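**Q**
There are 2 protein chains.
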Amino acid sequence: MYQIIEGGSVTSAKGFKAAGTFCGIKKRKKDLALIYSELSCSVAGTFTLNKVKAAPLVISQNLVRLGKNVKAILINSGNANACTGDSGYDDALKMQRSCAEKLNISPSEVIISSTGVIGQKLPVEKIESGLDEIITLLSSEGGFDAAEAIMTTDTKIKSFAVKLKFKDGDVTIGGIAKGSGMIMPNMATMLGFISTDALIETNLIQEILSQAVNNSFNKISVDGETSTNDMVILLANGASSIKIEKGTSEYEEFLFALNFITIEMAKSIVSDGEGATKLVTINVFGAKSKEDANLVGKSIANSSLVKTAIHGADANWGRILSAAGQSGADFDPSKVSISFNDLPILLPNYKLAIDETLASEILSRNEFVININLGSGTEECVWWTCDLSEEYVKINADYRT
Amino acid sequence: MYQIIEGGSVTSAKGFKAAGTFCGIKKRKKDLALIYSELSCSVAGTFTLNKVKAAPLVISQNLVRLGKNVKAILINSGNANACTGDSGYDDALKMQRSCAEKLNISPSEVIISSTGVIGQKLPVEKIESGLDEIITLLSSEGGFDAAEAIMTTDTKIKSFAVKLKFKDGDVTIGGIAKGSGMIMPNMATMLGFISTDALIETNLIQEILSQAVNNSFNKISVDGETSTNDMVILLANGASSIKIEKGTSEYEEFLFALNFITIEMAKSIVSDGEGATKLVTINVFGAKSKEDANLVGKSIANSSLVKTAIHGADANWGRILSAAGQSGADFDPSKVSISFNDLPILLPNYKLAIDETLASEILSRNEFVININLGSGTEECVWWTCDLSEEYVKINADYRT
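Structure representation (C-alpha cells):
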C-alpha cells in the first residue's frame, strides 16, 4: 500500500530537483519552471489530440516517441507558443537548446512545454535570461515553486506525492499539475509532470502512463475544450534501484499508486475549474459496454444544463437523463435509476423517489456523487466534473486583457 | 422569388387557423396552442435524436411515419411530459384523443407536442378543459397567439411567413418556432411548426423538410444540448392548388423559400438563446469534405471558450482555431485564415493581420460573421451561434424554481 506524503511534490522522489521563478513573460507572477534529474530518466508522455498543436508540444512529442532517456523539463507559463508558425518553432527549439547548454546536457534530453495565450510570439530571450537564475534555484524543495510557475488561471497549487514501501526499499511518485479551463475529455487535458525514482524500462513506461491517464485526466471535464498545448509527462530515474516489471506485486502496487496520484491531480484540476464551486463525481453503472459507460459519463460531465443545475443546487434529474440520452450510448431510458450520494432520486420505470429538500441539500455541498445506473449491463466508469457558474463566463470573456 | 410577409405567421397560408390560450399549466402565461386546417394536410417531421424521447414526441413521430394526412397540431408548454413512463404515454394519448373529439376528426389526424419541465406528470385535465376555449379562438389571425403559447424561456415571439408568386397563383409558407436553451446540432433542435398551402405529395414532403432542417435547425447551437421533445413539423394543405413537384422551377423556388424561412426561424432561436446578446454567423470555407466543413462549424459554434470570448468582444482567434483543431476535421492549421466580417484577422502561415481595435469593434455588434477558410479544399457550410453570458448560467441554475 502507498502512503500519501503531505506537502509532497514532483521533487519528493529521490534525485529530482525543481525550481520556479519569474522571467518576465507574465506581469508579476512566476512564469518559468524547471524539473531536473541528474540521473537519466526513462520517459512517457500523453499529448493533446487537437489538430492544432503548439510548437513545444510537437517537439516534446517527437522526443518522447524517440524513446531515449531525458533529464529535464522546462516549462513557461503566460505564453503558449501556439499558432506561431515557423518562428514559433524556432523559438521553442531555442528554449530547448539554451536550457540544455546551461545544464550541460543534450537538447534531446530536455522536454519543453508552454502554456498561456495562443498566437503571440514567445519572448524567448526572457526565458533564456531566466535560465541562469532558475538553475541556481534548483533544489529538492523546489517542487512547489515549479507548481506555482506553471499556473495560468489556476487559483491553487496542484502538487502531490505518494510513497510505496517494498521489501527491498521505497519508491516515491510525485507530480505537479496545472489547468482550470480548456479541460476536455479523452485527451491529455492539461499540464501534468510526474516523477518517480522507480526504475522503469522505456518499453513499459508509456503503457503504464497511458492507462493511468485514461482513468484520470481523460475522465474530467471543465468545459469540453482541448488545448493546443496539453501534455502529461512521467519521468523515472531509477534512483531507488527498485525495478517495476510486469507480473510482479510491485508492478500492481505501483500502478495502483500511480492511478491514485493521477486521479488526485485530475480532481484537483476539476475542483479548481474556472469558476467552479463544486467537485462532482459521476459514477456510471449498468452499461452494456465500457464505451457506453464512458459516453454517458462524458455527456453528463460536459452538459451545460447539468452543470448549471448543479450550480443552482437544483435536483433537475431530467437533465441528467437527457444528457445520458444524447450521449450515443445504447440503453433503455425506462430502466435507468439515479441517486445523489446514497439518496435515491429516480427508480426504474420513471418512479420518482426524490425528496427535493434532501436532494438540494446534497447538491449544495462542495463535493458529492451522482450515480446513474443504466440497468442495461455490467460495465461502469467514473467521471469528474464541476459546476458551471457566472464566474466561468467572467474569467473567459476577458482572458487576454 | 419569394416576398417576406411582414407580421406573417403559421396562419398566413390559405386555410390555416391557429390559437393560443392559458389553460393553467404555467402560472400566468399562455400555455396551449392549436394549429388547424379544415383541408387535410400531407405532413413531414424531424424529431430529436435523443435516446430519451417524450411521450408526445414518440406518438407524433409514429404518426408522421404512417404517412397519412393530418389536420391539427396541439402543443402545450410548461410541461414536457418526458420521463413520465406509461402514465405519461396515456396522458399524451388522452390529450390527442380529446383534441380530435372536439374538432370532430380522428386522433390520427392530430400531431401533439409538449415542452417544458421534464419528469413531472402532465396535468392533462387542464389541457382538456382548455380545449373547449381554444377551439372557439381558432382564427386566421391566431398565429401570434399560438407562437406565444409555445414559448418557455423564450423572450421573443418567433413567427415568419413568405409568399411565392407563380404563374398559376401564389403559394405561402408560414411558421412559428420556440427554443432558446437545449439547442443542439444535428437534431430537430426545438419546436418548429410550418404550414403551406402548396400541394405536396406525401412521398415528397419529408425529403423537402429534411433538407431544409439540415441547413437551418441542424446548424445552430446555443449550448450543445438536445431536448427530449424537439420536433419540426411541416403541413401542406394544398389550398393554393399549386402543386410542388420535382424537376419544375416551382420546386426549386419553393425549396429556396422554405430554406429561407427555416433559416430565419433557426436564427431567431439563436439570437434569442438563453442569455444571448449576439447572433454570430460562422462561414466555413475551404474544407476537404462537406462533413469536415460541418465538423468545424459545429465545433466553433459549440465552444464555450469561443462563445465567452465573443461575449467579452475579445478577438481571441486562437480559440477559434483551437476549436477547429479539436473538431476531428482533417486540415493543416498553418493554411487557415480567419476574418471577422471583411476584416482579416489571421492569414495563412500564422501571419497576423489583426487590428485589435477594429476587431473588437466588430465583436461588440449584435450581429457579425466569423469566416474561417481551412485552405484544404472547396467544401463549405454555415453555422449560427450566440455568445455565452453570465445570464445563461443564471437562467439555467434555477430553471425549475
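First to last, the protein sequences are chains A and B.
Each residue of the first sequence is one higher than the one before, counting from 5 in our numbering.
Each residue of the second sequence is one higher than the one before, counting from 5 in our numbering.
Yeah, the Cβ is synthetic: ideal placement off N, Cα and C, and Gly gets one too.
All values reported here derive from a predicted model rather than from experimental measurement.
1. By Cβ distance, which residues of its chain are closer than 8 Å to Asn73 of chain B, with the 5 residues on each side in sequence left out?
2. Got a sec: is the Cβ-Cβ distance from Ser393 of chain A to anything in chain B below 8 Å?
3. Three or more C-beta pairs closer than 8 Å, one from the segment 194 to 214 of chain A and one from the segment 371 to 383 of chain A: is that the case here?
4. So is Ser199 of chain A buried or exposed if we call it buried at 16+ other beta carbons inside 10 Å?
5. Just verifying my parser: in three-state terms, what is the DSSP assignment at Lys247 of chain A?
6. Taking beta-carbon pairs under 7 Å, can you tell me which members of the segment 138 to 158 of chain A lie near chain B?
7. Of all the residues that make up the segment 199 to 224 of chain B, which are near chain A by a beta-carbon distance shorter than 9 Å?
8. If we count Cβ pairs, one from each stretch, closer than 8 Å, do we get three or more for the segment 74 to 91 of chain B versus the segment 21 to 40 of chain B?
9. My understanding is that Leu38 of chain A touches Ala23 of chain A, with C-beta atoms under 8 Å, so please give their C-beta distance in whole angstroms.
10. Between the segment 123 to 137 of chain A and the segment 153 to 166 of chain A, do at least 3 Cβ pairs fall closer than 8 Å?
11. Please classify Ser245 of chain B as buried or exposed, where buried requires at least 16 other C-beta atoms within 10 Å of its C-beta.
12. Who are Ile8 of chain B's beta bridge partners in DSSP?
13. Near Gly92 of chain A, what residues of its chain come up, given a Cβ to Cβ distance below 6 Å and the 5 sequence neighbours on each side ignored?
14. Is the number of C-beta pairs between the segment 159 to 171 of chain A and the segment 256 to 270 of chain A that are closer than 8 Å three or more?
15. Taking only beta carbons into account, state which residues of the segment 328 to 349 of chain A come closer than 9 Å to chain B, listed in chain order.
16. Going straight from the alpha carbon of Thr52 of chain A to that of Thr232 of chain A, what length do you get?
17. Would you say Gly123 of chain A faces chain B, with C-beta separation under 8 Å as the test?
18. Starting from the C-beta of Ile267 of chain A, find all residues in its chain whose C-beta is less than 6 Å away, skip the five residues before and the five after it, and write them out in chain order.
19. Does the beta-carbon of Met5 of chain B have 16 or more other beta-carbons within 10 angstroms, so that it is buried, or is it exposed?
20. Please compile the residues from chain B whose C-beta is within a distance smaller than 9 Å of the C-beta of Ala401 of chain A.
21. Please decide whether Pro181 of chain B counts as near chain A, where near means a Cβ-Cβ distance under 8 Å.
22. Quick one: is Leu299 of chain A near chain B, going by C-beta distance under 8 Å?
23. Between the C-alpha atoms of Gly381 of chain B and Asn375 of chain B, what's the straight-line distance to the nearest angstrom?
24. If I follow the unbroken alpha helix (DSSP H) through Pro60 of chain A, where does it start and stop?
25. Within 10 angstroms of its Cβ, does Thr88 of chain A collect 16 or more other Cβ (buried), or is it exposed?
26. State the start and end residues of the unbroken alpha helix (DSSP H) segment that holds Met99 of chain B.
27. Is there a Cβ of chain B sitting closer than 8 Å to that of Trp321 of chain A, yes or no?
28. For Met235 of chain A, which of helix, strand or coil comes out of DSSP?
29. Strictly below 7 Å CB to CB, what residues from chain B border Leu325 of chain A?
30. Determine the chain D residues that contact Thr232 of chain B at a beta-carbon separation under 7 Å, and present them in chain order.
31. Strictly under 8 Å for the Cβ-Cβ distance: is Asn353 of chain B near chain A by that measure?
32. Taking C-beta pairs closer than 8 Å, name the residues in chain A that Val397 of chain B reaches, listed in chain order.
33. On a CA-only basis, which of B:Glu295, B:Arg101, B:Ile115, B:Met99 is nearest Leu70 of chain B? Give me that one, please.
34. Tell me the rounded alpha-carbon separation between Leu350 of chain A and Ser393 of chain B.
35. Please report the straight-line C-alpha distance between Ser338 of chain B and Gly123 of chain B, rounded to a whole angstrom.
**A** Result, derived from the coordinates:
1. Your numbering for residue 73 of chain B matches position 69 in the second sequence. Once the five neighbours on either side are set aside, the close Cβ partners of Asn73 of chain B are Ser44, Cys45, Ser46, Val47, Glu113, Thr206.
2. Against the first sequence, residue 393 of chain A aligns to sequence position 389. Closer than 8 Å: yes.
3. no
4. Here residue 199 of chain A is taken as the residue at index 195 of the first sequence, counted from 1. With 16 or more other Cβ atoms within 10 Å, it is buried.
5. Counted from its first residue, the first sequence places residue 247 of chain A at position 243. In this structure, Lys247 of chain A counts as strand in the three-state DSSP scheme.
6. none
7. none
8. yes
9. Start at 1 with the first residue of the first sequence, and residue 38 of chain A comes out as number 34. Start at 1 with the first residue of the first sequence, and residue 23 of chain A comes out as number 19. That pair is a contact at about 5 Å.
10. no
11. In the second sequence, counting from the first residue as 1, residue 245 of chain B sits at position 241. Ser245 of chain B is exposed by the Cβ-count criterion.
12. As a first step, residue 8 of chain B must be located in the second sequence, where it is residue number 4. DSSP output for Ile8 of chain B lists B:Val166 as bridge partner(s).
13. The count along the first sequence starts at 1 and reaches residue 92 of chain A at position 88. Correct list, in chain order: Ala59, Asn85.
14. yes
15. Ala328, Gly329, Gln330, Ser331, Gly332, Ala333, Asp334, Phe335, Asp336, Pro337, Ser338, Val340
16. Within the first sequence, residue 52 of chain A is the residue found at index 48, counting from 1. Within the first sequence, residue 232 of chain A is the residue found at index 228, counting from 1. Taking the straight line joining both Cα atoms gives about 7 Å.
17. To locate residue 123 of chain A, count along the first sequence from 1; it is residue 119. Closer than 8 Å: yes.
18. Translated into the one-based positions of the first sequence, residue 267 of chain A becomes position 263. The residues are Ser220.
19. Indexing the second sequence from 1 puts residue 5 of chain B at position 1. Looking at its Cβ environment, which holds fewer than 16 other Cβ atoms inside 10 Å, Met5 of chain B is exposed.
20. Locating residue 401 of chain A in the first sequence gives position 397, where the first residue counts as 1. Near Ala401 of chain A (Cβ distances below 9 Å), the residues of chain B are Thr312, Ala313, Ile314, His315, Gly316, Ala317, Asp318, Asp391, Leu392, Ser393, Glu394.
21. On the second sequence, residue 181 of chain B is found 177 positions in, with the first residue counted as 1. The identity of residue 181 of chain B in the sequence shown is Ala, whereas the question assumes Pro. By this cut-off, Ala181 of chain B is not an interface position.
22. As a first step, residue 299 of chain A is located in the first sequence; it is residue number 295 there, counting from the start. No, no contact with chain B.
23. Position 377 of the second sequence, counting from 1, holds the residue named residue 381 of chain B. Position 371 of the second sequence, counting from 1, holds the residue named residue 375 of chain B. Answer to the nearest angstrom: the Cα atoms are 15 Å apart.
24. Translated into positions along the first sequence, residue 60 of chain A becomes position 56. Here the alpha helix (DSSP H) through Pro60 of chain A covers 59 to 70.
25. Here residue 88 of chain A corresponds to residue number 84 of the first sequence, with the count starting at 1. Result: buried.
26. The sequence position of residue 99 of chain B within the second sequence is 95, counting from 1. Here the alpha helix (DSSP H) through Met99 of chain B covers 89 to 107.
27. For the purposes of this step, residue 321 of chain A is taken as the residue at position 317 of the first sequence. Taking Cβ atoms only, chain B reaches closer than 8 Å to Trp321 of chain A, which makes this a yes.
28. Locating residue 235 of chain A in the first sequence gives position 231, where the first residue counts as 1. Reduced to three states, the DSSP call for Met235 of chain A is strand.
29. To locate residue 325 of chain A, count along the first sequence from 1; it is residue 321. Within chain B, the residues near Leu325 of chain A are Val56, Cys87.
30. Looking for chain D here will not work: the only protein chains present are A and B.
31. Position 349 of the second sequence, counted from the first residue, corresponds to residue 353 of chain B. Cβ-Cβ to chain A under 8 Å: yes for Asn353 of chain B.
32. As a position in the second sequence, residue 397 of chain B is number 393, starting the count at 1. The contacting residues are Thr312, His315, Leu392, Ser393, Glu394, Tyr396, Val397.
33. For the purposes of this step, residue 70 of chain B is identified with residue 66 of the second sequence, where counting begins at 1. Nearest option by C-alpha distance: B:Ile115.
34. Within the first sequence, numbered from 1, the residue matching residue 350 of chain A stands at position 346. Within the second sequence, numbered from 1, the residue matching residue 393 of chain B stands at position 389. Whole-angstrom Cα-Cα distance: 32 Å.
35. The residue labelled residue 338 of chain B in the question sits at position 334 within the second sequence. The residue labelled residue 123 of chain B in the question sits at position 119 within the second sequence. Rounded to the nearest angstrom, the two C-alpha atoms are 49 Å apart.
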